[in-house]
Amino acid sequence: MRNLNETSRMLRSGKMFVACLAAVTLLSLPRVMAGGDMKEIAPPACSCTAKDWSIELGSGVTWSNVRSGAPNQAYTIVPISLTASLAVDEVSLDNFLGGWLRGNTEFYFRGDYGQIVHGPENHYEGILVGPRYNFVQPGWDVIPFIEGGVGFDFADSQPQAGGLGQDFNFSFDVAVGFKYKITEDFYTRLSCEYQHFSNAGMSEPTNPNHPIDSLGPKLAFGYSF
């Protein structure tokens, strides 16, 4: 009976030893696979994607006098714009000039409709494309920007009334302002925009070329994705 009890205790001790050995082996596997140094397990990579695209709808009011020609026509224009923007690089220049130029570049594609409230014409439609630079600072929800674009427009020209010399006109614009992030996806943009309309003298000498230089504020709401 004594031998039987000793045998039983030995079996129990052997099972405990095997269990301990198995536990130590399992705990040692990561160290062995890592070359002997226990490394911290990295968290899983974020499955989210960068929001490179944005789309926005904006409007405002601009005022203008034609630069040349007689009579000198005053304009009041209500522009409506639909803009798609694509980020073309990452935020950089962190250490350049103290980081004041830190930011990134976008390229925007804009469709314009302008209701001419006061002036010889009634409306214009066109497209505009160009770069935009965003001054992005760490932790800021307000992002200043500057942009400039070129394009063309079609208007119901009224050369006999001192307006545009023909329907087809070239245009370019320059704008400064800031973008405010409401959430990670939605934002608003406030800007002051200058836009020029001209046919580059193509209507002359039949009709004088009367360029329009409009200036005014614009407000837009957008979505990033």
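Start counting the sequence shown at 1459; every next residue gets the next number (our numbering). Yeah, the Cβ is synthetic: ideal placement off N, Cα and C, and Gly gets one too. In this text, all values refer to a predicted model and were calculated from it rather than measured experimentally.
Going by DSSP, P1537 is part of the beta strand (DSSP E) stretching over A1532 to A1545. With 16 or more other Cβ atoms from the protein chains shown falling within 10 Å of its own Cβ, N1627 counts as buried. With a contact defined as Cβ atoms closer than 8 Å, E1662 and G1620 miss out at about 14 Å.
Taking all protein chains in view, the Cβ of S1550 is surrounded by fewer than 16 other Cβ atoms within 10 Å, so the residue is classified as exposed. Straight-line spacing of the CA atoms in K1509 and L1648 works out to 20 Å.
Residue burial annotation: Q1618 is exposed, with fewer than 16 other C-beta atoms found within 10 angstroms of its C-beta. P1666 and I1513 have their C-alpha atoms some 38 Å from each other. Secondary structure of G1577 (DSSP, three-state): coil.
Within the same chain, Cβ atoms closer than 7 Å to the Cβ of Y1681 are found at S1512, I1513, D1643 and F1644, the five residues on either side in sequence being excluded. Residue state for Q1653 is assigned as strand, using DSSP reduced to three classes. Sixteen is the threshold: since fewer than 16 other Cβ atoms of the shown chains lie within 10 Å of the Cβ of D1599, the residue is exposed. At a Cβ-Cβ threshold of 9 Å, Y1638 and D1611 do not count as neighbours. With respect to G1577, G1609 sits apart: the two C-beta atoms are not nearer than 9 Å. I1574 is classed as buried because its beta carbon has at least 16 other beta carbons within 10 Å across all chains shown. Exclusion of the five residues before and after S1543 leaves S1512, E1564 and Y1566 as the residues of its chain whose Cβ lies within less than 6 Å of its Cβ. Just measuring C-alpha positions, the residue of N1592, G1569 and S1629 sitting nearest D1547 is N1592.
Within the same chain, Cβ atoms closer than 7 Å to the Cβ of Q1595 are found at R1560, the five residues on either side in sequence being excluded.
As the crow flies, the alpha-carbon of P1669 is around 38 Å from that of F1683. Just measuring C-alpha positions, the residue of P1602, G1569, W1558 and T1534 sitting nearest T1646 is P1602.
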